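Undergrad: Mind looking over this structure? Questions follow.
In the numbering used here, the protein residues as written are 1 to 313.
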């Protein structure tokens with residue numbers, strides 16, 4: 001079916017054309033389902049172990065719990081459409097559903113960036129000012145930081161959603177894995193570049209400002225830790241390892257894709273699709289398992305949980 005000359009000025013259903021770029025969409029759908037299941041499992045385990053154990057009611061674990069909740073929120077916004085397209089052979093998505101998915105997807109993306117930045121602030125205070133850590137990172141401050149990160153991200157995404165909602169649609173076909181702002185605007189009747197530029201500025205300010213703050217924080221942490229004894233140095237760096245892995249998994253794909261686009265690297269539709277999906281699901285897949293496997297308190301809680309259920313009649 002040819003959608004290139006299809007023109008409407010009312011809210012249509014969008015045809016999802018991304019499946020045509022893959023020879024075996026079912027296999028891709030099964031892979032996405034498996035990865036999504038692992039994300040739900042890992043993030044759910046993190047949330048359960050932290051919420052159910054009062055000994056883990058510390059600032060860092062609250063931030064880990066927040067990140068796990070965001071991972072579920074973020075990936076679910078994309079996974080539902082991807083699974084419907086590749087496994088159930090759903091070839092359309094309604095106008096309103098596309099807007100809603102776009103809103104949740106970009107909200108989750110911005111939340112993730114801000115949450116990782118907040119965790120860097122927590123590590124900065126813990127290492128550079130350990131004696132005052134409990135007075136600086138209080139329960140009220142934790143709650144306020146988490147609420148701020150969610151409200152801040154949602155408010156910026158509301159602007160994108162309202163901008164997209166005002167546009168008339170002339171090309172109701174999505175050449176992307178799911179609804180995002182760029183794809184939505186390219187389906188409209190207006191010149192997409194100015195609107196995409198505004199969205200790019202918002203993303204740059206939030207995501208790369210968070211990255212700059214994280215880099216600055218770790219520069220300060222490194223300077224402080226170098227002055228410590230060898231044993232203390234190893235311990236301090238060990239407490240940051242999990243967070244550094246999370247930082248790399250979230251920011252590196254975005255930086256690589258941005259540089260590739262800037263310097264004229266031409267990507268096929270399937271390559272763009274793969275990069276888009278990998279940057280969405282990759283960090284959320286790594287995050288919970290990094291914290292589950294590396295943190296002794298969570299490992300002990302999991303071991304005791306499975307022992308109890310194994311021995312129970």
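No residue lacks a Cβ here, since even glycine has one placed at the ideal position from N, Cα and C. For clarity, every value in this text was computed on a predicted model and none was experimentally measured.
Given residue 183, which residues of its chain have a CB within under 6 Å of its CB, disregarding the five upstream and five downstream residues?
TA: Contacts found: 174, 176.
Undergrad: Give me, in chain order, the residues of the same chain whose beta-carbon lies closer than 6 Å to that of residue 94; leave out the 5 immediate sequence neighbours on both sides.
TA: Closer than 6 Å at the Cβ level, and outside the excluded window around residue 94, lie 13.
Undergrad: Do you know whose CA, among 151, 186, 39, 181, lies nearest residue 114's CA?
TA: Here the closest residue by C-alpha is 151.
Undergrad: When burial is assigned at 16 or more other CB atoms within 10 Å of the CB, is residue 102 buried or exposed?
TA: When all chains shown are included, residue 102 counts as buried.
Undergrad: If you reduce the DSSP assignment to three classes, tell me which class residue 176 lands in.
TA: Reduced to three states, the DSSP call for residue 176 is coil.
Undergrad: Pick helix, strand or coil for residue 163, following the three-state DSSP scheme.
TA: Reduced to three states, the DSSP call for residue 163 is helix.
Undergrad: Helix or strand or just coil, what does DSSP make of residue 138?
TA: Reduced to three states, the DSSP call for residue 138 is coil.
Undergrad: Use the C-beta contact count for residue 199: other C-beta atoms within 10 angstroms, 16 or more gives buried, fewer gives exposed.
TA: So residue 199 ends up on the buried side.
Undergrad: Taking the straight line between their C-alpha atoms, what separation do you get for residue 253 and residue 197?
TA: Roughly 20 Å separates the two Cα atoms.
Undergrad: At the level of alpha carbons, what is the spacing between residue 221 and residue 124?
TA: Whole-angstrom Cα-Cα distance: 6 Å.
Undergrad: Give the DSSP-derived three-state secondary structure of residue 188 in the structure shown.
TA: Here residue 188 sits in strand by DSSP.
Undergrad: With a threshold of 8 Å, are at least 3 pairs of Cβ atoms found where one atom belongs to the region 58 to 69 and the other to the region 135 to 150?
TA: Yes, they touch.
Undergrad: Measure the CB-CB distance between residue 257 and residue 275 and report whether it falls below 7 Å.
TA: It is a contact, given that the beta carbons lie within the stated cut-off.
Undergrad: Are there 16 or more other CB atoms within 10 angstroms of the CB of residue 248, so buried, or fewer, so exposed?
TA: Residue 248 should be labelled exposed.
Undergrad: Buried or exposed: which applies to residue 210, given that a residue is buried once 16 or more other Cβ atoms fall within 10 Å of its Cβ?
TA: So residue 210 ends up on the buried side.
Undergrad: Are residue 108 and residue 73 close, meaning C-beta to C-beta below 7 Å?
TA: Yes, these two residues count as a Cβ contact at 7 Å.
Undergrad: Please list the terminal residues of the continuous beta strand (DSSP E) segment that includes residue 205.
TA: Taken as a continuous stretch (DSSP letters only), residue 205 belongs to no beta strand (DSSP E), as it is neither H nor E.
Undergrad: Between residue 127 and the rest of its own chain, which residues show a CB-CB distance below 8 Å, the 5 nearest in sequence each way excluded?
TA: For residue 127, where only same-chain residues beyond five positions count, the Cβ hits under 8 Å are 221, 224, 225, 236, 239, 240.
Undergrad: Go ahead and pull the three-state DSSP assignment for residue 268.
TA: Residue 268: coil per DSSP, three-state reduction.
Undergrad: Could you give the residue range of the alpha helix (DSSP H) that holds residue 16?
TA: Run containing residue 16: none in the alpha helix (DSSP H); it sits in the beta strand (DSSP E), 14 to 16.
Undergrad: What is the residue span of the alpha helix (DSSP H) that residue 216 lies within?
TA: Taken as a continuous stretch (DSSP letters only), the alpha helix (DSSP H) holding residue 216 covers 209 to 226.
Undergrad: Residue 178: buried (16+ other C-beta within 10 angstroms of its C-beta) or exposed?
TA: Burial call: buried.
Undergrad: CA-CA distance, residue 110 and residue 159?
TA: Between residue 110 and residue 159, the C-alpha separation is close to 13 Å.
Undergrad: At the level of alpha carbons, what is the spacing between residue 16 and residue 92?
TA: Computed Cα separation, rounded: 5 Å.
Undergrad: So for residue 157, helix, strand or coil by DSSP?
TA: Helix at residue 157.
Undergrad: By the three-class DSSP mapping on this structure, what secondary structure does residue 6 have?
TA: Because the pLDDT of residue 6 is 42, which lies under 50, any placement of that residue in the model is unreliable, and the number read from its coordinates should be weighed accordingly. Looking at residue 6 - three-state DSSP - the assignment turns out to be coil, as it is neither helix nor strand.
Undergrad: So, for residue 104: in the same chain, excluding its five sequence neighbours on each side, which residues have a beta-carbon less than 6 Å away from its beta-carbon?
TA: Cβ within range, chain order: 77.
Undergrad: Taking all protein chains shown into account, do 16 or more other C-beta atoms lie within 10 angstroms of the C-beta of residue 98, making it buried, or fewer, making it exposed?
TA: Looking at its Cβ environment, which holds 16 or more other Cβ atoms inside 10 Å, residue 98 is buried.
Undergrad: What's the gap between the Cα of residue 164 and the Cα of residue 145?
TA: Whole-angstrom Cα-Cα distance: 29 Å.
Undergrad: Just to confirm the assignment, what range does the alpha helix (DSSP H) spanning residue 123 have?
TA: Note, residue 123: alpha helix (DSSP H), 95 to 128.
Undergrad: Nearest by alpha-carbon distance to residue 188: which of 84, 167, 27 is it?
TA: Answer by Cα proximity: 167.
Undergrad: Look at the alpha carbon of residue 280 and the alpha carbon of residue 96, and state the distance between them as a whole number of angstroms.
TA: So the alpha carbons of these two residues sit roughly 22 Å apart.
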